[in-house]
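Numbering (this note's numbering), first residue to last: 3 to 354. Below is one structure, written out as structure tokens; the observations come after it.
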DNA sequence: AATCCGGGGCC
DNA sequence: GGCCCAGGATT
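Here it is in structure tokens:
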């Protein structure tokens, strides 16, 4: 370990001891179930956004057996609005694995932990260090940033070479005699001092030997190689209403919002009005020769996702009792809709 | 190795 | 509008 690396580690530990006042419900927690749950919720999610979800999950499922025994629909409903819904599916699978195969005992080795669904290198290191004090360095967005700036590394973080380089460096500067404290410290430091924008360099104990600060490069590192391509999609949701019921289905195809529910979806390559839509072959096929009445329709509602912008409209159609259920759809009483998980754009619509 | 997967907050 | 967030799975 070089002098610079030792300085880096010691500084972070000292900063943590003297100046870190960040508090979170799972901090200092030793229960691996609670640590695991918080880490799954926090993947690509801000602490402030994930916090209330964590509280709700722990209240509803205080032990892993409760989560494992919960109906999938109920768990998805609790997850609703948090995004990246594969996390929810994987979380439930892992809970059932732990409760069943491991009889409720959380795996206590890095290999055992990382074999759980939805648990990758970061989450495994977090659980291993926080719950079992094993010497594995976490590598998340905070750590990438702190390392890239202090050591002046411009290798893109989203490449194989970058991941390898940062993983090695992170493990090297880990305080192996106190991995839990150190891992917590570097992430808190990245969130509080070495922030993405407007880092607090004037109050930073590392600044005197920080490469990026010395060279005025804090805004240029860490480097990412690729830029996002965002495409537009135009969704038209038909609320087919039959008395006090409406038709919904679960999304199962390989696309966004898998395992969430939705109304009848007509997607067009460009914006379309009610008339165009209702005359379209897909819609004529759906409605057949049955009578319907347009109850109302909304203007476009926008939802920004990472890779897509969704432009959605909602059109209410009233049909008679003889109308047959569309393929794959089930009628649900409108009072029962709150039992199903929907994408945010639908939740927003329903709340009006 | 590249791409996909949500929603929210900040500038 | 662009970037980032206690990343991971899939192709």
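All C-beta atoms in this analysis are idealised placements derived from N, C-alpha and C, irrespective of residue type, glycine included. Fair warning: this is a prediction, and the values are worked out from it, not measured in the lab.
State the Cα-Cα distance for the pair residue i and residue j, rounded to the nearest angstrom.
| i | j | result |
| --- | --- | --- |
| residue 7 | residue 175 | 6 Å |
| residue 166 | residue 157 | 10 Å |
| residue 48 | residue 55 | 11 Å |
| residue 196 | residue 172 | 16 Å |
| residue 271 | residue 305 | 16 Å |
| residue 242 | residue 253 | 17 Å |
| residue 71 | residue 230 | 39 Å |
| residue 349 | residue 84 | 12 Å |
| residue 333 | residue 240 | 13 Å |
| residue 121 | residue 256 | 21 Å |
| residue 314 | residue 302 | 5 Å |
| residue 46 | residue 141 | 13 Å |
| residue 184 | residue 259 | 36 Å |
| residue 133 | residue 294 | 59 Å |
| residue 199 | residue 147 | 11 Å |
| residue 110 | residue 50 | 29 Å |
| residue 309 | residue 86 | 13 Å |
| residue 267 | residue 28 | 40 Å |
| residue 117 | residue 323 | 51 Å |
| residue 65 | residue 43 | 16 Å |
| residue 152 | residue 282 | 58 Å |
| residue 13 | residue 3 | 15 Å |
| residue 187 | residue 168 | 17 Å |
Beta-carbon separation of residue i and residue j under 8 Å?
| i | j | result |
| --- | --- | --- |
| residue 269 | residue 316 | no |
| residue 150 | residue 139 | no |
| residue 80 | residue 62 | yes |
| residue 263 | residue 344 | yes |
| residue 159 | residue 217 | no |
| residue 69 | residue 97 | yes |
| residue 75 | residue 341 | yes |
| residue 234 | residue 311 | yes |
| residue 223 | residue 214 | yes |
| residue 296 | residue 278 | no |
| residue 177 | residue 339 | no |
| residue 41 | residue 125 | yes |
| residue 115 | residue 130 | yes |
| residue 288 | residue 328 | yes |
| residue 219 | residue 143 | no |
Kindly indicate the opening and closing residues of the alpha helix (DSSP H) around residue i.
| i | result |
| --- | --- |
| residue 14 | 5 to 21 |
| residue 169 | 162 to 175 |
| residue 182 | 181 to 194 |
| residue 143 | 143 to 152 |
| residue 197 | Here residue 197 belongs to no alpha helix (DSSP H), and DSSP marks it neither H nor E. |
| residue 42 | 34 to 44 |
Return the first residue and the last residue of the beta strand (DSSP E) that residue i is part of.
| i | result |
| --- | --- |
| residue 269 | 266 to 270 |
| residue 24 | Taken as a continuous stretch (DSSP letters only), residue 24 belongs to no beta strand (DSSP E), as it is neither H nor E. |
| residue 320 | 310 to 321 |
| residue 306 | 303 to 306 |
| residue 2 | Past the edges of the chain, shown from 3 to 354, lies residue 2, and the structure says nothing about it. |
* contact_flag[the segment 176 to 195, the segment 20 to 28] where n(CB pairs < 8 Å) is 3 or more -> yes
* What are the uninterrupted segments assigned as alpha helix (DSSP H) that are 4 or more residues long and contained completely in the segment 60 to 136, given in chain order? -> 66 to 71, 74 to 81, 88 to 102, 112 to 116 and 123 to 134
* Asked: Would you say the segment 240 to 249 touches the segment 314 to 330, given that touching needs at least three Cβ pairs under 8 Å?
  -> yes
* Touching by the beta-carbon criterion (3+ pairs, under 8 Å), the segment 194 to 214 and the segment 35 to 49 -> no
* **Continuous alpha helix (DSSP H) assignments of at least 4 residues falling wholly in the segment 211 to 270** => 213 to 217
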